[in-house]
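>
Numbering (the working numbering), first residue to last: 13 to 544.
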């Protein structure tokens, strides 16, 4: 599904009324010829012979690729500054101008962004139409966020949400940022705005990534899986569009100006092998120079803003995350890998137990100076017997179980009042349970977790969910002040796993863990609750 088949030469300009009519009937000519629409560009993007900031719009290579592959539903994972919001603004404006009763919309992350997109991309393009075309398409409504055309009753508007009525063309700009900073707004987009697009319409979701969570991550990964499988898409399936930095021809500089380390070259070679491409010396120089100059040599920011493969942007925890640097270092050192438990070595569990929220458990094993996170389990609304049964099913020897400070608090039950520790001791007779003392400030515990992180290794499969939670554990975003508060966000479902891992840090730093030597015999499953 493209905009329309090309029926005329996109570079040709009409010389008579018949040619003009034929060109105007072709949406690809209208969008790509540069004859109708103008855009504002940045000063550093100016052609050498053009002193102005206003230029005719002609789609670049990435933009043309999107036009050629446009589907009913589309998700675009991209590098920065490829101009997709500009492209969609022009395409939607064109559709509204030349089709009756059409409703076109763009959702932005906040009001300021919405007004900027409308002013600089939609309204500017309309105001600079050829005079005859603009006169033929007069406005019935001209506000800060909407144009309604009186000649055909079509409209285009930009807002932070669109729930009412049908939207024939919808673009969600920077959806990853909306998911990260405004989760309620993201949910509203998914439940209200997206369903407003009919099956005959077109939806485009586009963003750089903001961490491994939220609807943008889920939609992107589902679409990528369909693309990798070569599956035939229904009108409700998303087509995956990925645009890495190395596809942009302008991202290159003189390699003599940049020192490229052996580690950098190894990185580029891995990308070349995975993506089946060639990254030449000029491109490598641009990448290294941009990472160093613009992002302070921060690899995570580079992965996010200029990804090389579809996995990179989601390796980055969003702004406000507590353990971004620690996880990046662990990945670089290869501490995320398959880990095989040693059945004769004792394991230690670290819990977060909530009275109303979830329960999370990390299972760690100490071997050769490494603390190996070999299993992770979480659940909401599950009884303690659920977790006890799971632990018993692992067939491991447990040296000790570490519970948070409130596990010693008596809680009211239907028939008896017991603390979580009492109930777990009854479920796991012979197990040793230790209460980790309460810490006065959770930020102290977070800092302790950062300090012990170099000791940790993670089974990338068995602990996948826990790793994702720790990656996305972040500060609370304050919408009114547009800042991160110095307290954890408890609403994203990540705090349970992070708090359970923090119990390890506090127990380790507090000298509570008595590491025992492995037993010389393989334990039987029935005795798995006994200590060594």
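Yeah, the Cβ is synthetic: ideal placement off N, Cα and C, and Gly gets one too.
Between the Cα of residue 349 and those of 468, 252, 515 and 488, spot the shortest distance and give me the residue it belongs to.
468
> Is the beta carbon of residue 512 closer than 8 Å to that of residue 362?
yes
> Expressed to the nearest angstrom, what Euclidean distance is found between the alpha-carbon atoms of residue 438 and residue 452?
30 Å
> If you scan the region 226 to 271 from start to end, which runs of the alpha helix (DSSP H) of 4 or more residues do you find wholly inside it?
226 to 241
> Specify whether the region 184 to 197 and the region 136 to 143 touch according to this definition: at least 3 beta carbon pairs, one from each stretch, less than 8 Å apart.
The region 184 to 197 makes no contact with the region 136 to 143; the number of CB pairs closer than 8 Å stays below 3.
> What did DSSP end up calling residue 455 once you bin it into helix, strand or coil?
In this structure, residue 455 counts as helix in the three-state DSSP scheme.
> For residue 288, name the three-state secondary structure that DSSP assigns.
coil
> How many angstroms separate the CA atom of residue 236 from the CA atom of residue 39?
CA-CA distance, residue 236 to residue 39, rounds to 29 Å.
> Measure the CB-CB distance between residue 216 and residue 183 and report whether it falls below 8 Å.
yes
> How many Å lie between residue 470 and residue 464 at the Cα?
13 Å
> Would you decide whether residue 527 is buried or exposed? Buried here means 16 or more other CB atoms lie within 10 Å of its CB.
exposed
> Identify the residues that DSSP records as bridge partners of residue 387: which are they?
375
> Classify residue 222 as helix, strand or coil using the three-state DSSP reduction.
coil
> For residue 307, would you say it is in contact with chain D, using Cβ-to-Cβ distances shorter than 8 Å as the test?
The question asks about chain D, but that chain is absent: this structure has only one protein chain.
> When every heavy atom of the ligand PLP is checked, does at least one fall within less than 7 Å of the C-beta of residue 163?
Looking at this structure, you won't find the ligand PLP or any other ligand, since it has none at all.
> Please confirm whether residue 166 and residue 111 have their CB atoms less than 8 Å apart.
For residue 166 and residue 111, yes; Cβs fall inside 8 Å.
> Spatial neighbours of residue 490 within its chain, please: C-beta separation below 8 Å, excluding the five flanking residues on both sides.
496 and 497
> In chain order, what residues of the same chain have a beta carbon less than 8 Å from the beta carbon of residue 521, not counting five sequence neighbours either side?
Excluding sequence neighbours, residue 521 sits near 460, 463 and 464.
> Taking the straight line between their C-alpha atoms, what separation do you get for residue 398 and residue 373?
12 Å
> Please report how far the alpha carbon of residue 121 lies from the alpha carbon of residue 172, in whole angstroms.
6 Å
> Among the residues of its own chain, which have a CB less than 6 Å from the CB of residue 264, if the five just before and after it don't count?
So the list reads 294, 295 and 298, once near-sequence residues are dropped.
> So residue 314 and residue 303 are in contact, right, with Cβ under 8 Å, and what is the actual spacing, rounded?
5 Å
> Going by CA-CA distance only, name the one from 148, 168 and 130 that's closest to residue 116.
Per the Cα distances, 168.
> Taking the runs of the beta strand (DSSP E) that are 3 residues or longer, which of them lie wholly in the region 123 to 197?
151 to 154, 158 to 161, 167 to 171 and 181 to 185
> Going by DSSP, which residues form a beta bridge with residue 349?
471
> Span of the beta strand (DSSP E) holding residue 50?
Looking at the DSSP string, the run of the beta strand (DSSP E) that includes residue 50 is 50 to 52.
> Identify, in the order they occur along the chain, each residue of the same chain with its Cβ nearer than 6 Å to the Cβ of residue 160, setting aside the five sequence neighbours on each side.
152, 153 and 167
> Can you check which of these residues, 212, 255 and 213, is closest to residue 232 by C-alpha distance?
255
> Look at the alpha carbon of residue 92 and the alpha carbon of residue 339, and state the distance between them as a whole number of angstroms.
24 Å
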